[in-house]
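A.B. asks: Can you keep this structure in mind? I'll have questions shortly.
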Amino acid sequence: MHRRNLFANFASDNPSAPKSTFKPHPASLGASHFTNALLRTHENKEVKFYDDLIKGRQVIINTMYANCKGACPLITSKLIKVHNALKDRMGKDLFIYSITLKPEQDDPAAIKMFAEMHGAANMPGWLFLTGDPYDIETIRFRLFRWEHIKFDLDLDLHAGMLRIINDATNCWTNVSPDASMFTILEHISWADPPKSLEQRMEENKAIQERINKEVKQYGYRRTT
Amino acid sequence: MKRRTFFFSMISLCLAAPLAAFGQKGCEPDVEPHRHFLVLAGRSGMFYDKSGPAFPMLIKLDGGRTQIDAIGIYFIQGNRLFGPVPEEVYQEFMKEPRAASDVMLRLEITSAQYERCLKVLRTWERRAREGALLYPNVFMDNILLVKQVTESLDQCGEKINLYKLDWGFEDKISDDNPPPRIPFLFFKEMRRLNETLHVRDEKFQEYRSAAAKP
Chain A
1 MHRRNLFANF ASDNPSAPKS TFKPHPASLG ASHFTNALLR THENKEVKFY DDLIKGRQVI
61 INTMYANCKG ACPLITSKLI KVHNALKDRM GKDLFIYSIT LKPEQDDPAA IKMFAEMHGA
121 ANMPGWLFLT GDPYDIETIR FRLFRWEHIK FDLDLDLHAG MLRIINDATN CWTNVSPDAS
181 MFTILEHISW ADPPKSLEQR MEENKAIQER INKEVKQYGY RRTT
Chain B
1001 MKRRTFFFSM ISLCLAAPLA AFGQKGCEPD VEPHRHFLVL AGRSGMFYDK SGPAFPMLIK
1061 LDGGRTQIDA IGIYFIQGNR LFGPVPEEVY QEFMKEPRAA SDVMLRLEIT SAQYERCLKV
1121 LRTWERRARE GALLYPNVFM DNILLVKQVT ESLDQCGEKI NLYKLDWGFE DKISDDNPPP
1181 RIPFLFFKEM RRLNETLHVR DEKFQEYRSA AAKP
C-alpha cells in the first residue's frame, strides 16, 4: 500500500474524525418540535425540515408569500443585505429559509419567480420553501407563535419576525426585520457558535491595543 | 304569443336559472335528506382550576345509523387529555344538563356546515394523533379548535349568532378568564345567544326516532 493511501485510510477510519459538520445540541428540541415535514424548495427539491435544514445548523427563518404587496418584498431586500454582509458564511454554517404563508397558492414555481424577482434565487445557502398547508401551519406555530390566538392567526404578524436558531448550541432568538442592519447582525451573532479561547484572546488583544492607543493619544478611552 | 315576446321570455328563462344558482354562492338548500347537529358541551368545577371537559361534538342521523365525532378536552380518572373523546365520556353529554355547572348547546346544521365542521375536527384529530398540536398548552389548542368549528358555521351567512372569540378588546371572555375556563364560558355565551335555535331533548329524540324509521 502506498504511504499516501495508508494515511488517507487512517484518517477516514479514525472514529474521532468528524463525520458530519452539523451536530445538534444534546438539548435540541429536535424533529419532534421542528417537525420533519416534507417541504419543496424553489428548485423543486424535496427536503425534510429538521433533518435536512435545521439539524446542527445556524439558520435565519422568515415567512413570506409570492403575491405579497406589503412587507415581504421589503423584508426580502433586507435579507439580501444580510446575506451580502455575511456572504463568507452563507451556505457553509449559516442559512436563510423563507417559508411561504400561503402554500395553497405558492407552488415551487411561484416561489422561484418571487426569489428571481428579488435576485435571491441563486444566493448560496438561501432556500424558499413551500409544502402541505397542514405542515406549514404546524411549522409557523412552532417557530413564530406569540401565545395569543388573535396574533397567531394574523399572518402579517408572523411575517414581521426573523427567527434565528442555532441548533448546534440550542440558541433561539428573534429580531424585527425593520430593525437596523447593525441590530439584525448583532442578533445573528448572539446565536453564533462559541469562539475558541485563542480566537477570543486574539480579539481581546486587538481591542486592548486600540484602547491603549486612544488613551495615549487623547488621554482617555473613547471606544465603548 | 308574439314571436318577440316568446323570444324574450326564453332568454330570461335561460338566464334566470344560472343566476339564481349563482345568487346562492354555493350555499346548501334548506331541505336535507339527513339530519346533522353540532353540540357544544362542557362542564366546570372538575379540576383544581375550576375547569372541566369541553368539546364540540358532531352528530349525523343517517337512517338507522348515528355517526358521532367529538374532539376536545376530557377527563379520564382525574387526567386531563386532549384528543378524540371516548364514547363513555361524550354519552354523558348527549342530554340537556340539569346542573348549572354543565352547559350544552345543540344546533341543527346543514350538511355543508356539517362537512366544514367535520373537516376542522379531522384536522385536529390528526394533530393530536401525530403530536403536531399548535400550542404546548392544550387549553390553547382547545380554544382554537372551538373557535374554528363555530366560525366554520357562519361561512354562508347562516343565522347562528356567533360570539367572537378573538382575544380582541371586545372579547371579555378571553380577557377576563384563564385559558382552561374559556371554552366552557364561550359555550355558555353561545347558548344564551342561540337559545331559540337550541334543539331540546324531546325534539332531538323525535328526530332520532324519525331517522331510524325505514
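Heads up: the protein sequence lines correspond to chains A and B, in order. Start counting the first sequence at 1; every next residue gets the next number (the working numbering). Start counting the second sequence at 1001; every next residue gets the next number (the working numbering). Note that beta-carbon positions come from the ideal geometry of N, C-alpha and C, so glycine has one too. For clarity, every value in this text was computed on a predicted model and none was experimentally measured.
1. Does the separation of the CB atoms of A:Phe128 and A:Ile111 fall below 8 angstroms?
2. Answer with yes or no whether the minimum CB distance from A:Lys69 to chain B is below 8 angstroms.
3. If you draw a straight line from the alpha carbon of B:Lys1060 to that of B:Leu1118, how long is it in whole angstroms?
4. Determine the extent of the beta strand (DSSP E) in which A:His25 is found, giving its start and end residues.
5. In this structure, does DSSP put B:Leu1105 in helix, strand or coil?
6. Would DSSP call A:Cys171 helix, strand or coil?
7. Could you pull the start and end residues of the alpha helix (DSSP H) that B:Ala1289 belongs to?
8. From the DSSP secondary-structure annotation, give me the bridge partner or partners of A:Ile61.
9. Which of the three DSSP states, helix, strand or coil, is assigned to A:Ile207?
10. Could you name the residues of the region 1165 to 1198 of chain B whose beta carbon sits closer than 7 angstroms to any beta carbon of chain A, in the order they occur along the chain?
11. Within this structure, are the beta carbons of B:Ser1051 and B:Arg1181 separated by less than 8 angstroms?
12. What span of residues does the beta strand (DSSP E) with B:Asn1079 cover, start to end?
13. Could you check whether A:Pro103 and A:Thr41 sit closer than 8 angstroms to each other, using their CB atoms as the reference points?
14. Does B:Val1031 have its Cβ less than 8 angstroms from a Cβ in chain A?
15. Kindly indicate the opening and closing residues of the beta strand (DSSP E) around A:Lys48.
16. Does A:Ile211 come within less than 8 angstroms of chain B when only Cβ atoms are used?
17. Is B:Leu1193 helix, strand or coil by DSSP?
18. Does the count of Cβ pairs from the region 177 to 188 of chain A and the region 78 to 86 of chain A closer than 8 angstroms reach three?
19. Suppose only complete runs of 4+ residues qualify. What are the alpha helix (DSSP H) ranges in the region 1095 to 1153 of chain B, listed by chain order?
20. Using a Cβ-Cβ cutoff of less than 6 angstroms, which residues in the same chain neighbour B:Ser1152 once the five nearest sequence positions on both sides are dropped?
21. State the DSSP-derived secondary structure class of A:Ala35, mapped to helix, strand or coil.
22. So, with DSSP's three-state summary, where would you put A:Lys102?
23. By how many angstroms is the C-alpha of A:Asn166 removed from the C-alpha of B:Phe1204?
24. Would you mind working out which of A:Thr76, A:Leu197, A:Asn174, A:Asp93 sits nearest A:Gly56, comparing C-alpha positions?
25. Determine the burial state of B:Asn1142: buried for a count of at least 16 other Cβ atoms within 10 Å of its Cβ, exposed for fewer.
26. Does the Cβ of B:Met1140 have 16 or more other Cβ atoms within 10 Å, making it buried, or fewer, making it exposed?
27. Below 8 angstroms, how does it come out for the region 54 to 72 of chain A and the region 21 to 30 of chain A: are there three or more Cβ pairs, yes or no?
C.D. replies: From the atom records:
1. In this structure, A:Ile111 lies closer than 8 angstroms to A:Phe128 by Cβ.
2. For A:Lys69, not one C-beta of chain B is nearer than 8 angstroms to its own C-beta.
3. Taken atom to atom, the span from the alpha-carbon of B:Lys1060 to that of B:Leu1118 is near 11 angstroms.
4. Counting along the chain, A:His25 falls outside any beta strand (DSSP E), and DSSP gives it neither H nor E.
5. Collapsing the DSSP output to three states places B:Leu1105 in a strand.
6. Reduced to three states, the DSSP call for A:Cys171 is strand.
7. Missing from the structure shown is residue 1289 of chain B; chain B here goes from 1001 to 1214 and no further.
8. Answer is A:Tyr97, A:Arg163.
9. Here A:Ile207 carries a helix assignment [DSSP, helix/strand/coil].
10. With the criterion set as a beta carbon lying under 7 angstroms from some beta carbon of chain A, the members of the region 1165 to 1198 of chain B are Asp1166, Trp1167, Gly1168, in sequence order.
11. Yes, these two residues count as a Cβ contact at 8 angstroms.
12. It spans 1079 to 1084 - the beta strand (DSSP E) in which B:Asn1079 sits, taken as one unbroken run.
13. Not in contact: A:Thr41 and A:Pro103 (Cβ atoms no closer than 8 angstroms).
14. Confidence at B:Val1031 is low in this model, with a pLDDT of 46, below 50, so its placement is unreliable and no value can be given for it.
15. Under the DSSP assignment, A:Lys48 falls in the beta strand (DSSP E) whose first and last residues are 46 to 48.
16. It does not: the Cβ of A:Ile211 has no partner Cβ on chain B nearer than 8 angstroms.
17. DSSP, read as helix, strand or coil, puts B:Leu1193 in helix.
18. Contact holds: three or more Cβ-Cβ distances are below 8 angstroms.
19. Taking 4 residues as the minimum length, the alpha helix (DSSP H) runs contained wholly in the region 1095 to 1153 of chain B are 1111 to 1130, 1138 to 1153, in order along the chain.
20. Around B:Ser1152: Arg1116, Cys1117, Val1120.
21. For the record, residue 35 of chain A in the displayed sequence is Thr; it is not Ala. DSSP places A:Thr35 in coil when its eight states are reduced to three.
22. Reduced to three states, the DSSP call for A:Lys102 is coil.
23. Each residue's Cα considered, the two are about 57 angstroms apart.
24. Checked all of A:Thr76, A:Leu197, A:Asn174, A:Asp93; the closest Cα to A:Gly56 is A:Asp93.
25. B:Asn1142 counts as buried, since at least 16 other C-beta atoms from the protein chains shown sit within 10 angstroms of its C-beta.
26. Result: buried.
27. Contact between the region 54 to 72 of chain A and the region 21 to 30 of chain A is present, because at least three Cβ pairs lie under 8 angstroms.
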